[in-house]
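If you want the working numbering, it's the position in the sequence shown, counting the first as 1, plus 112. All C-beta atoms in this analysis are idealised placements derived from N, C-alpha and C, irrespective of residue type, glycine included.
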Amino acid sequence: METKPTEISSSKMFGGYNKRYKHFSPTLGCSMTFHIYFPPSPSSPSHKFPVLYWLSGLTCSDENFIIKSGAQRAASNFGIALIAPDTSPRGLNVEGEADSWDFGVGAGFYLNATQDKWKNWRMYDYVVKELPALLAENFPQLDTSKASISGHSMGGHGALTIYLKNLDKYKSVSAFAPIVNPIKCPWGQKAFTNYLGENNAEWEEYDATCLVSKFNNVPSSILIDQGEDDKFLKDQLLPGNFHEACKKHNVPLLLRLHPGYDHSYYFISTFIDDHISHHAQALSL
């Protein structure tokens, strides 16, 4: 199996390139794709780009953010490489993996499943361990020691939980409409029951609202943007719960509510430049 990434597409944009790669993932036991947006190359050949990981939401692949967000303009200006992995293992043909849009394929929830049937669903280890090592080994123009993380919805949940549990690995975090308290919402309860079983202590290890009580030495402010016309706001996303937890544990949070905006990439593309700028500051650019 070829674990070294193979380039499968390339498109120029804002002076840099969107490149898509395929590789075999030992962590997930299947072939995976991911995108990198490389900013324009600087004059110094020894220059390395810091990286911003983007974690996408339910039903998404590694393509949605690259095609729809418009993040490349600001990434090009700041000289940040964008890394967009897929959202779950694919092609394993596990029974029931594609039966519903909010669980299984396209719905990995950025955790390490403990239930045997879903043992390949180890997106936490893929994002935190395998992918950074793969990038460091194969892309000398990237500085993976300078990294930040962001995401949308399920991916916002992933970005927040991964950041809080790995404050030494990421300089900053931001999220759009994240699922911040999954143990209290239908999406999270369905996913956690199937991936993790009935042990609620394990559930709390992947819930940002629970984690801020343990990991609260946050070096830079957490940025969250949330549309007020998001149909998932009141029953799935629950940003107020996270806001209260951050206040209680003195975790710096900038939660911005935007009237009229929904859950879509129209919302993301409107405010993505603010997020790239937020990370550029933390990455000292």
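In the three-state reduction of the DSSP assignment, Cys142 falls in the strand class.
Trp315: member of the alpha helix (DSSP H) spanning 312-316, first to last residue. Within the stretch 231-271, the runs of alpha helix (DSSP H) that reach at least 4 residues and sit entirely inside it are, in chain order, 243-250. Bounds of any beta strand (DSSP E) do not take in Glu356; it lies within the alpha helix (DSSP H) bounded by 351-360. With 16 or more other Cβ atoms inside 10 Å of its own Cβ, Gln338 counts as buried. Distance between Gln348 and Thr256, taken at the CA atoms: about 33 Å.
Where Phe126 is concerned, there is no enclosing alpha helix (DSSP H), because DSSP gives it neither an H nor an E. Distance check between Asp386 and each of Tyr373, Ala186, Pro162, Leu140 places Ala186 closest, using alpha-carbon atoms only. Glu207 and Trp213 have their C-alpha atoms some 14 Å from each other. Within the model, the alpha-carbon separation for Gly220 versus His361 is close to 29 Å. A distance below 6 Å between beta-carbons, with the five flanking residues on each side excluded, links Tyr318 to the following residues of its chain, in chain order: Leu223, Thr273. In the structure shown, Thr118 adopts extended strand secondary structure according to DSSP, grouped into three states. Membership of Leu308 in the alpha helix (DSSP H) is indicated by the continuous run 298-308. In the three-state scheme derived from DSSP, where H, G and I count as helix and E and B as strand, Gln227 is classed as coil. Judged by DSSP secondary structure, Ala287 falls within the beta strand (DSSP E) whose first and last residues are 285-288. By the CB criterion at 9 Å, Ser284 and Ala394 fall inside the cutoff. By the C-beta density criterion, Pro294 is buried, having at least 16 other C-beta atoms within 10 angstroms.
Here Ile291 carries a coil assignment [DSSP, helix/strand/coil]. With respect to Gly127, Ser181 sits apart: the two C-beta atoms are not nearer than 9 Å. Residue pairing of Leu164 in beta bridges, as defined by DSSP: Leu194, Ser260. Distances from the alpha-carbon of Ala245 to those of Asn130, Ile384, Ser155, Val163 put Val163 closest. For Asp198, same chain residues with a beta-carbon under 7 Å away, outside a window of 5 residues either side, are Met144, Thr145, Phe146, Ser173, Asp174 in chain order. About 6 Å separates the Cβ atoms of Arg202 and Cys142, confirming a contact at the 8 Å cut-off.
For Leu345, there is no enclosing beta strand (DSSP E), as DSSP marks it with neither H nor E. Here the alpha carbon of Phe177 sits roughly 24 Å from the alpha carbon of Leu279.
A direct Cα-to-Cα measurement between Ala196 and Glu310 gives close to 31 Å.
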